[in-house]
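K.L.:
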Amino acid sequence: MSSQSTLADDDLFGEAAAEMRADVQEHLDAARSSLPDADDVWAAEADNVLGVLNGLRSSLDVGDADEHLRQAKKTFIIGQRAEAFEDADDLEEDIEAVAELLDTVREASELVGELTSTMPQLRGQLQEAEAAAEADDAADEADETDADEADEEEADADDAAEADDAADEAEADD
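At position 151 of the sequence shown the residue is numbered 151 (the UniProt record's numbering), and the sequence of numbers has no breaks.
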């Protein structure tokens, strides 16, 4: 009887190991499905940079991928410690690949978030610099106009003085 019991236990253990492997795979598949669609991340439709960045940030949402990866890791660790898997290397590689991809998506999302807050500030600073440059140009033009008018007034005064001198000389000659 004990050999039958051992066979039944081994069968149950084998069945449990297969279920654990299937659970890990299901959670990994669910994590992959929760990742952003490559075309959604690549394509952009917006009127300006901020619209593109907001769209990109939305498309980089990983949804439930973290939770599915966590469940896959939990089940994998339990199965690995129980030595339930004959060959666990493929599962471990899959878990690492999904984890790395999630990290990359998170990093990209953080960078996009930084740009999303930086771009409006940069635009504002550039607009201020542009307005200051235009004000400087207007002031320079006004200074040039004032200088030209002063030169004309001085020339007119010189002409008037020369005319007066010529008139005085003409009277003295008479």
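Every residue gets a Cβ at the ideal spot worked out from N, C-alpha and C, and that includes glycine.
In this structure, how does DSSP classify residue 115 when only helix, strand and coil are distinguished?
P.N.:
Residue 115 falls in the helix class under three-state DSSP.
K.L.:
CB residue 175 to CB residue 72, shorter than 8 angstroms?
P.N.:
The structure shown has nothing for residue 175, since the chain only spans 1 to 174.
K.L.:
According to the neighbour-count rule (16 or more other Cβ atoms, all chains shown, within 10 Å of its Cβ), is residue 75 buried or exposed?
P.N.:
So residue 75 counts as buried.
K.L.:
Report the three-state DSSP secondary structure of residue 54 (helix, strand or coil).
P.N.:
Residue 54: helix per DSSP, three-state reduction.
K.L.:
Less than 8 angstroms separating the beta-carbons of residue 16 and residue 65?
P.N.:
Not a contact, by the Cβ cut-off of 8 angstroms.
K.L.:
Assuming residue 116 contacts residue 60 (C-beta within less than 8 angstroms), just tell me the rounded distance between them.
P.N.:
No, residue 116 and residue 60 are not in contact; Cβ-Cβ is about 11 angstroms, not under 8 angstroms.
K.L.:
Tell me the residue span of the alpha helix (DSSP H) that contains residue 67.
P.N.:
65 to 81 is the extent of the alpha helix (DSSP H) around residue 67.
K.L.:
Report the rounded CA-to-CA distance for residue 93 versus residue 9, giving the unit in angstroms.
P.N.:
Between residue 93 and residue 9, the C-alpha separation is close to 29 angstroms.
K.L.:
Run through DSSP, which three-state label would residue 176 get?
P.N.:
Residue numbering for the chain in the displayed model covers 1 to 174; residue 176 lies beyond these limits and cannot be assessed.
K.L.:
Using only alpha-carbon positions, find the residue among 127, 89 and 44 that is nearest to residue 55.
P.N.:
Measuring from the Cα of residue 55, the nearest candidate turns out to be 44.
K.L.:
I need the straight-line Cα distance from residue 162 to residue 156, nearest angstrom please.
P.N.:
The straight-line gap from Cα to Cα measures roughly 10 angstroms.
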